[in-house]
Each structure stands twice: as C-alpha cells, then as structure tokens.
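Per full-length UniProt numbering, the sequence shown starts with residue 1, numbered consecutively.
Each remark here refers to the structure printed beneath this line.
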Amino acid sequence: MRSTADRIRHAVSFEISGLLIITPLLAWAFGYPMQEMGPVAVAAAIIAGLWTYGFNLGFDRVLQRRRGTTQKSVGLRIVHAVLFEVGLLALLVPMIAWALGMSLLAAFLMDVSFGVFFGVYAFCFNWAYDIVFPVPGRPLPEPAA
Numbered sequence: 001m002r003s004t005a006d007r008i009r010h011a012v013s014f015e016i017s018g019l020l021i022i023t024p025l026l027a028w029a030f031g032y033p034m035q036e037m038g039p040v041a042v043a044a045a046i047i048a049g050l051w052t053y054g055f056n057l058g059f060d061r062v063l064q065r066r067r068g069t070t071q072k073s074v075g076l077r078i079v080h081a082v083l084f085e086v087g088l089l090a091l092l093v094p095m096i097a098w099a100l101g102m103s104l105l106a107a108f109l110m111d112v113s114f115g116v117f118f119g120v121y122a123f124c125f126n127w128a129y130d131i132v133f134p135v136p137g138r139p140l141p142e143p144a145a
C-alpha cells in the first residue's frame with residue numbers, strides 16, 4: 001500500500017493540476033466571473049482533497065483485505081472513479097448552491113460538469129500517477145492498448 005506521504009503528494013498534485021484546468025473552464029461555461037468561481041473551486045478542491053485521501057485509503061484497505069493487493073484493473077479503476085465521484089457529488093452540491101446563491105438543481109448540474117471532467121481526469125491522472133510513482137514491490141500497471 002502507499003505511504004501517507006505518497007497519498008498526500010497524490011491528493012495535492014491532483015487537486016492543484018485539476019484546479020488550474022477546471023476553474024477557467026467553469027467560469028467561462030457558466031458565466032461566472034473568476035473572482036466568484038475561483039473561491040468556490042478552491043473550496044471544492046479542499047473538500048475533494050480530503051475526500052480523495054479518505055476514499056482512496058478506504059478503497060485500498062478494502063482491496064488489500066479482500067484481494068491481497070491494491071493493484072487495479074481497468075474495470076476496477078472505472079468502479080473506483082464512479083464511486084469517488086458519486087460521494088463527492090453528495091458533498092459538493094450543497095456548498096456550491098450556498099456559495100453561488102443558486103438552487104440545488106443548478107448546483108447539481110454544475111457539479112455534474114465537475115464530475116464528468118474529474119471522472120475522466122481522475123482515471124487518467126491515477127493511471128499516470130501509478131506509472132510515475134509506482135508502489136515499491138508491485139508491477140507497473142499495463143499500458144493502454
């Protein structure tokens with residue numbers, strides 16, 4: 001399994017690079033100025049960072065206990081990404097609605113945009129992370145075919 005320091009590096013690098021991509025895209029797509037969207041995106045990143053650490057730790061513990069390894073197949077990576085995004089959606093919708101003064105439905109639609117982006121981004125980022133920072137003693141993941 002990964003160390004605490006590695007999990008922190010993962011969460012921080014994931015959130016910072018994701019913020020740099022998504023914040024200007026959402027400000028443009030939803031018509032909010034950067035000074036409004038920026039703080040919401042940063043708050044969402046903090047919540048997501050904490051969720052990332054906790055979810056990934058729990059997911060890996062379950063894998064280790066049930067399968068004896070934390071290595072993930074493509075199918076398991078898809079399950080991981082979907083479960084992660086569903087949990088994060090439940091955490092972020094109320095915050096987005098409150099911060100931007102919008103309905104829960106509008107916040108849900110905005111967060112679905114976050115989720116679609118970050119679902120694909122998480123799949124790609126995590127696969128690349130496992131290649132760049134492999135767990136010692138574990139074979140590298142298979143390259144995409």
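In this text, a Cβ means the ideal position worked out from N, Cα and C, and glycines have one as well.
Considering only the alpha carbon of each residue, which of P136, F114, S103, V135 lies closest to E15? Against the sequence shown, residue 15 aligns to sequence position 15. For E15, the nearest C-alpha among the options comes from F114.
My guess is that F84 and F108 are in contact by the Cβ rule of under 8 angstroms, so how many angstroms apart are they, rounded? Indexing the sequence shown from 1 puts residue 84 at position 84. Indexing the sequence shown from 1 puts residue 108 at position 108. Actually they do not touch by this definition, with Cβ atoms about 17 angstroms apart.
Ignoring anything shorter than 4 residues, give me the alpha helix (DSSP H) runs that lie fully in the segment 25-110, in order along the chain. 34-67, 74-100
Under a three-way DSSP split, which group does R2 fall into? Here the question's residue 2 lines up with position 2 in the sequence shown. Looking at R2 - three-state DSSP - the assignment turns out to be coil, as it is neither helix nor strand.
Report the residue from R67, A106, L50, W127 whose alpha carbon sits nearest the alpha carbon of A81. Residue mapping note: residue 81 aligns to position 81 of the sequence shown, counting from 1. Nearest of R67, A106, L50, W127 to A81, Cα basis: W127.
Cα separation between H10 and A90? Position 10 of the sequence shown, counted from the start, is the residue given in the question as residue 10. Position 90 of the sequence shown, counted from the start, is the residue given in the question as residue 90. Cα to Cα, the separation comes out at about 22 angstroms.
Nearest candidate by alpha-carbon position, reference T4, set V42, G38, L50: Taking the sequence shown and counting its residues from 1, one reaches residue 4 at position 4. Among V42, G38, L50, the Cα nearest to that of T4 is on L50.
Rounded to the nearest angstrom, how far is the Cβ of A44 from that of M95, given a contact under 8 angstroms? Reading the sequence shown from its first residue, position 44 is the one you call residue 44. Reading the sequence shown from its first residue, position 95 is the one you call residue 95. Right, the Cβ-Cβ distance comes to about 7 angstroms (below 8 angstroms), so this counts as a contact.
Here's the rule I'm using: 16 or more other beta-carbon atoms within 10 Å means buried, otherwise exposed. How should R66 be labelled? Residue numbering aside, residue 66 sits at position 66 when the sequence shown is read from its first letter. The residue in question, R66, is exposed, as its Cβ has fewer than 16 Cβ neighbours within 10 Å.
Measure the Cβ-Cβ separation of L26 and A41 and say whether it is below 9 angstroms. In the sequence shown, residue 26 corresponds to position 26, counting from 1. In the sequence shown, residue 41 corresponds to position 41, counting from 1. Result yes, Cβ atoms of L26 and A41 sit closer than 9 angstroms.
Tell me whether F133 sits in a helix, a strand or coil according to DSSP, three-state version. One-based indexing of the sequence shown puts residue 133 at position 133. In this structure, F133 counts as coil in the three-state DSSP scheme.
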